[in-house]
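Peer 1:
2 protein chains.
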Amino acid sequence: VTPRTFNLALVGFGNVGRAFVRLLREKEQRIRDEYGVAARITGVATRRLGWLANPEGLDTAALPDGRTPACVKCAEVREWLRAARAGVLLEASSLNKRDGQPAIEYLRAALEHGAHAVSANKGPLVFAYDELRALAREKRRRFLFESTVMDGTPVFNLFRETLPVAGLRGFRGLLNSTSNVVLAEIEAGRTLAEAVRRAQEIGVAETDPTDDLEGWDAAVKVVALARVLMDAPLRLDQVERVGIASISPEQARAARAAGKPYKLICRAERRGGTVHASVRPEQVPLTDPLASLIGTTSCLHFDLDVFGLTLIEHKPGVEATAYGLLSDFLRAVREPEAL
Amino acid sequence: VTPRTFNLALVGFGNVGRAFVRLLREKEQRIRDEYGVAARITGVATRRLGWLANPEGLDTAALPDGRTPACVKCAEVREWLRAARAGVLLEASSLNKRDGQPAIEYLRAALEHGAHAVSANKGPLVFAYDELRALAREKRRRFLFESTVMDGTPVFNLFRETLPVAGLRGFRGLLNSTSNVVLAEIEAGRTLAEAVRRAQEIGVAETDPTDDLEGWDAAVKVVALARVLMDAPLRLDQVERVGIASISPEQARAARAAGKPYKLICRAERRGGTVHASVRPEQVPLTDPLASLIGTTSCLHFDLDVFGLTLIEHKPGVEATAYGLLSDFLRAVREPEAL
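Going down the list, the protein sequences come from chains A and B. Positions in the first sequence are counted from 1; adding 1098 to them yields this note's numbering. Positions in the second sequence are counted from 1; adding 1098 to them yields this note's numbering.
Written out as structure tokens, the structure reads:
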């Protein structure tokens, strides 16, 4: 059987983009066998290289070396999507927490072009979820974003595909690795500055860790989850937000010693007609599985009306985010199941 | 829009069957709105009442009181499926760990009749998975069994729907409530006999707890998971199986005091071409989320090639199992998604 071949256009070709291409190659045979699907990268866009397209497939192996593969260079996203004859956009640009741009514009352009739009970026969920969802419906294409929260772990697809008509009352989780690593380093005796440096050394914290330490990154995730899973029109400024810097090293160590360590806990809860949400350091007893989670491990607990369900993603690397993109791609293009 | 109406036939009308009917009623509106589906119970079979059918819908409210609703009484399963004009069989008979009967025969009859076959029973997965799967394909119907492991928590549907082309290297979990409750009671100072009585009082252990205490129930779950998720032709007698009675109360208490309590751990692991599986008490450090799980809470950790994923189901009641049946019903009858 000839597979249906899809042209993929990638915005961003850093660690995630490269891991995605590796994973795609690694899983090529299973994707063909199980989904009847083949994929080729026909567009890559990065800040450094610009908008590169080749509808016959780009030699992505050349890109990390700075060599330019055979391609056309486009001026902007729409021209690029056309030149790449893109069937699916995979967008992994970095988060702009003020307005979600330029990711929103890329996703909009992809859907208007007639491509499925897959994003690893939380911004569009916070600032343009309704619009992009409506546009995707109108164009009969998919807007998917599994890797925005907990990387490759199914969260959005979990509800959409495997928890039909379940009622979600609220959730609670540990969603920011930097805060988790920094708190653990402080408990181990380091100062805040030393702990941040350590988190940067192991590749968890960014050069400017402010968004993580002040709880912005976690708050954005809370809004994305509440927006999509609880259908709550929650704004970022409505999330009560306290970062881990509000805890002194002495408090952190005393709490750990007392068996109730601090964790940066994300919460959302339906009360009456509205959803209340917060991100703040909370003390967690050791009997709570959350208390023992370390490093990049993340966790979400869902309070469903039928039972309670916790997901823990262990030590995800960049390939976990890449897997989130891959699973969205397959979700977007898979045929309705033959019974 | 007129909903598509499905006739449901239930084998078993104990706690699970009744909870299913309650849940169906509670979720009726959402099922109609979100899936365009309506359901009515047209068949109920219990050991006491026999095979009752009414193609216009049975008054299930009468059944728990022993009143007989307007219906025909059939002699056996095939006649009953015809009389009920069953579109979906929901089978929640009790486990026979030797041969999986009569559940297998009921599921076979349903598929041959042209109905979807949904089972809450692990036996058919251990003894007839290949056959029932092939029969379902041939008849273009579904054979689904989400509630057999971890009740309502998506495990099988999780892999089928949300973890495409992920490689499963192995899993590890806590899947038997009775063993977990009994161990906790022993740690708290009770004898094995007292602990079992306590587990029976709170409705966790059955009158004859042998299958749980000897690890049979957990081993059956391991085989079901390995069979379906790892495509491994594992037989029940190939699972290394040691029950919690092998641990003396003194050992259990000493291990807890030392911060490495015993848990009845289920394992399967792919090594070379084969899957090795075991069920046995293992000591778990307190830093492992498994160590803190109590009561009926169950847990599965999946070692995927892209990341590690743990699911914890908190204190499920009978409605969690009923939800597993409901989610399978909706999975079976939902239309291919309109893009």
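For every residue, glycine included, the Cβ atom is placed at its ideal position computed from N, Cα and C. This structure is a prediction, so every number in the text was calculated from the model and none was measured.
(1) Establish whether the CB of A/PRO1252 and some CB of chain B are separated by less than 7 angstroms.
(2) Report the partner residues of A/TRP1149 according to the DSSP bridge assignment.
(3) Spell out the partners DSSP gives B/PRO1379 in its beta bridges.
(4) Compute the Euclidean distance between the alpha carbons of B/LEU1437 and B/LEU1256, then round it to the nearest angstrom.
(5) DSSP has B/HIS1214 in a bridge; who is on the other side?
(6) What's the C-alpha gap between B/THR1140 and B/THR1251?
(7) With 7 angstroms set as the bound, which would you pick, yes or no: does the beta-carbon of A/SER1376 sit closer than that to a beta-carbon of chain B?
(8) Can a CB atom of chain B be found closer than 7 angstroms to the CB of A/GLY1440?
(9) Please report the distance separating the alpha-carbon of A/ALA1173 from that of A/GLU1154.
(10) Extract the residue ranges of the alpha helix (DSSP H) inside the stretch 1290–1337 of chain A, only unbroken runs of 4 or more that lie entirely within it.
(11) Look at B/ALA1215 and B/PHE1241 and say whether their C-beta atoms are less than 7 angstroms apart.
(12) Against chain A, with Cβ distances strictly below 7 angstroms, would B/VAL1263 count as a contact?
(13) Counting contacts by CB-CB distance shorter than 7 angstroms, is A/ILE1410 in contact with chain B?
(14) Pairs of beta-carbons, one from the stretch 1270–1277 of chain A and one from the stretch 1123–1130 of chain B, closer than 8 angstroms: are there three or more?
(15) Less than 7 angstroms between the C-beta atoms of A/SER1245 and A/ALA1218, yes or no?
(16) Anyone know if the C-beta pair for B/VAL1416 and B/ASN1113 falls short of 7 angstroms?
(17) Nearest by alpha-carbon distance to A/LEU1453: which of A/ILE1202, A/PRO1101, A/HIS1412, A/ARG1333 is it?
(18) Could you tell me which chain A residues have their CB closer than 7 angstroms to the CB of B/LYS1125, listed as they occur along the chain?
(19) Using a Cβ-Cβ cut-off of 7 angstroms, state whether B/LEU1437 counts as contacting chain A.
(20) For A/TYR1421, which residues in chain C fall below 8 angstroms Cβ to Cβ?
(21) With respect to the beta strand (DSSP E) encompassing B/LEU1402, which residues constitute its N-terminal and C-terminal limits?
(22) Hey, is the stretch 1157–1165 of chain B in contact with the stretch 1177–1195 of chain B, meaning 3+ C-beta pairs nearer than 8 angstroms?
(23) Between the stretch 1099–1116 of chain A and the stretch 1188–1204 of chain A, can you find at least three pairs of beta-carbon atoms closer than 8 angstroms?
(24) Just checking B/GLY1115 against the ligand COA - is the residue's beta carbon closer than 6 angstroms to any of the ligand's heavy atoms?
(25) Distance cutoff 7 angstroms, beta carbons only. Does B/VAL1114 sit that close to anything in chain A?
(26) Bridge partners of A/THR1408, per DSSP?
(27) Drop a sphere of 10 angstroms on the beta-carbon of B/GLY1198, count the other beta-carbons inside from all chains shown, and report buried for 16 or more, exposed for fewer.
(28) Using 7 angstroms as the limit for Cβ to Cβ distance, is A/ALA1322 near chain B?
(29) In chain B, which residues lie with their C-beta within 8 angstroms of the C-beta of A/LYS1358?
(30) Quick test of your reading: B/LEU1187 and B/CYS1169, contact by CB under 8 angstroms. State the CB separation rounded to the nearest angstrom.
(31) In chain order, what residues of the same chain lie with their CB nearer than 7 angstroms to the CB of A/LYS1319, ignoring the 5 residues before and after it?
(32) A/ILE1342 and A/LEU1391 look like a contact to me (Cβ under 8 angstroms); what is the Cβ gap, rounded to whole Å?
(33) Specify the secondary structure class of A/PHE1118 as computed by DSSP and reduced to three states.
(34) Assess, as a yes-or-no matter, whether the stretch 1323–1339 of chain A is touched by the stretch 1364–1380 of chain A under the definition of 3 or more beta carbon pairs within less than 8 angstroms.
(35) Return helix, strand or coil for B/ALA1286, following the three-state DSSP convention.
(36) Compare the C-alpha of A/ARG1120 against each of A/VAL1431, A/ARG1354, A/ALA1418, A/VAL1279 and name the closest.
Peer 2: Based on what the coordinates show:
(1) Here residue 1252 of chain A is taken as the residue at index 154 of the first sequence, counted from 1. Yes, its Cβ sits closer than 7 angstroms to a Cβ of chain B.
(2) Position 51 of the first sequence holds residue 1149 of chain A. A/TRP1149 pairs with A/ALA1143, A/CYS1172.
(3) In the second sequence, counting from the first residue as 1, residue 1379 of chain B sits at position 281. B/PRO1379 is bridged to B/LEU1362.
(4) Your numbering for residue 1437 of chain B matches position 339 in the second sequence. Your numbering for residue 1256 of chain B matches position 158 in the second sequence. Residue placement at B/LEU1437 is poorly supported in this model, since its pLDDT is 45, which falls under 50; the coordinates still yield a value, given next. Roughly 21 angstroms separates the two Cα atoms.
(5) As a working mapping, residue 1214 of chain B is identified with position 116 in the second sequence. Per DSSP, B/VAL1186.
(6) Along the second sequence, one-based indexing puts residue 1140 of chain B at 42. Along the second sequence, one-based indexing puts residue 1251 of chain B at 153. So the two alpha carbons sit approximately 27 angstroms from each other.
(7) Taking the first residue of the first sequence as position 1, residue 1376 of chain A is located at position 278. No, its Cβ sits nowhere closer than 7 angstroms to a Cβ of chain B.
(8) Shown here, chain A extends from 1099 to 1437; a query on residue 1440 of chain A therefore has no answer.
(9) Along the first sequence, read from residue 1 onward, the residue named residue 1173 of chain A stands at position 75. Along the first sequence, read from residue 1 onward, the residue named residue 1154 of chain A stands at position 56. Each residue's Cα considered, the two are about 19 angstroms apart.
(10) Complete alpha helix (DSSP H) runs here, min 4: 1290–1299, 1308–1311, 1314–1327.
(11) Taking the second sequence and counting its residues from 1, the one referred to as residue 1215 of chain B is at position 117. Taking the second sequence and counting its residues from 1, the one referred to as residue 1241 of chain B is at position 143. Yes, these two residues count as a Cβ contact at 7 angstroms.
(12) Mapped onto the second sequence, residue 1263 of chain B falls at position 165. At least one C-beta of chain A is nearer than 7 angstroms to the C-beta of B/VAL1263.
(13) As a first step, residue 1410 of chain A must be located in the first sequence, where it is residue number 312. Any Cβ of chain B closer than 7 angstroms to the Cβ of A/ILE1410 would place that residue at the interface, and such an atom is present.
(14) Verdict: no, contact absent.
(15) Along the first sequence, one-based indexing puts residue 1245 of chain A at 147. Along the first sequence, one-based indexing puts residue 1218 of chain A at 120. With respect to the 7 angstroms criterion, A/SER1245 and A/ALA1218 are classified as neighbours on the basis of their beta carbons.
(16) Locating residue 1416 of chain B in the second sequence gives position 318, where the first residue counts as 1. Locating residue 1113 of chain B in the second sequence gives position 15, where the first residue counts as 1. If you check the CB distance, B/VAL1416 and B/ASN1113 come in under 7 angstroms.
(17) The structure shown does not extend to residue 1453 of chain A, since chain A spans only 1099 to 1437, so no value can be given for it.
(18) Counting from one through the second sequence, the residue named residue 1125 of chain B turns up at place 27. For B/LYS1125, the residues of chain A that pass the 7 angstroms Cβ criterion are VAL1263, in the order they occur in the chain.
(19) One-based indexing of the second sequence puts residue 1437 of chain B at position 339. With a pLDDT of 45 at B/LEU1437, under the threshold of 50, the predicted position of this residue should be treated as unreliable, though the coordinate-derived value follows. With its beta carbon less than 7 angstroms from one in chain A, B/LEU1437 belongs to the interface.
(20) Absent from the structure: chain C. Protein chains present are A and B.
(21) Position 304 of the second sequence, counted from the first residue, corresponds to residue 1402 of chain B. Counting along the chain, the beta strand (DSSP E) containing B/LEU1402 begins and ends at 1396–1402.
(22) Cβ pair count under 8 angstroms is below three, so no.
(23) Yes, since at least three Cβ pairs between the stretch 1188–1204 of chain A and the stretch 1099–1116 of chain A fall closer than 8 angstroms, the two stretches touch.
(24) Because no ligand of any kind appears in the structure shown, any question about the ligand COA cannot be addressed here.
(25) On the second sequence, position 16 is the one that residue 1114 of chain B refers to. With respect to chain A, the C-beta atom of B/VAL1114 has no partner C-beta closer than 7 angstroms.
(26) Residue numbering aside, residue 1408 of chain A sits at position 310 when the first sequence is read from its first letter. A/HIS1399, B/ILE1410, per the DSSP bridge assignment.
(27) Against the second sequence, residue 1198 of chain B aligns to sequence position 100. Its Cβ being crowded by 16 or more others within 10 Å, B/GLY1198 is buried.
(28) Mapped onto the first sequence, residue 1322 of chain A falls at position 224. False, the Cβ-Cβ gap to chain B never drops below 7 angstroms.
(29) Taking the first sequence and counting its residues from 1, the one referred to as residue 1358 of chain A is at position 260. Identification of chain B residues near A/LYS1358 by a Cβ-Cβ cut-off of 8 angstroms yields none; the smallest Cβ-Cβ distance measures about 13 angstroms.
(30) Taking the second sequence and counting its residues from 1, one reaches residue 1187 of chain B at position 89. Taking the second sequence and counting its residues from 1, one reaches residue 1169 of chain B at position 71. Cβ-Cβ separation between B/LEU1187 and B/CYS1169: approximately 17 angstroms, too far for a contact (criterion under 8 angstroms).
(31) Within the first sequence, the letter at position 221 stands for residue 1319 of chain A. Excluding sequence neighbours, A/LYS1319 sits near LYS1220, VAL1247, LEU1273, CYS1364.
(32) As a first step, residue 1342 of chain A must be located in the first sequence, where it is residue number 244. As a first step, residue 1391 of chain A must be located in the first sequence, where it is residue number 293. Actually they are not in contact, since the Cβ atoms of A/ILE1342 and A/LEU1391 sit about 15 angstroms apart, beyond 8 angstroms.
(33) To locate residue 1118 of chain A, count along the first sequence from 1; it is residue 20. Three-state DSSP puts A/PHE1118 in a helix.
(34) Touching, yes.
(35) Taking the second sequence and counting its residues from 1, the one referred to as residue 1286 of chain B is at position 188. It is coil, neither helix nor strand.
(36) What you label residue 1120 of chain A is simply residue 22 of the first sequence in a count that begins at 1. The shortest C-alpha to C-alpha distance from A/ARG1120 to any of A/VAL1431, A/ARG1354, A/ALA1418, A/VAL1279 is the one to A/ALA1418.
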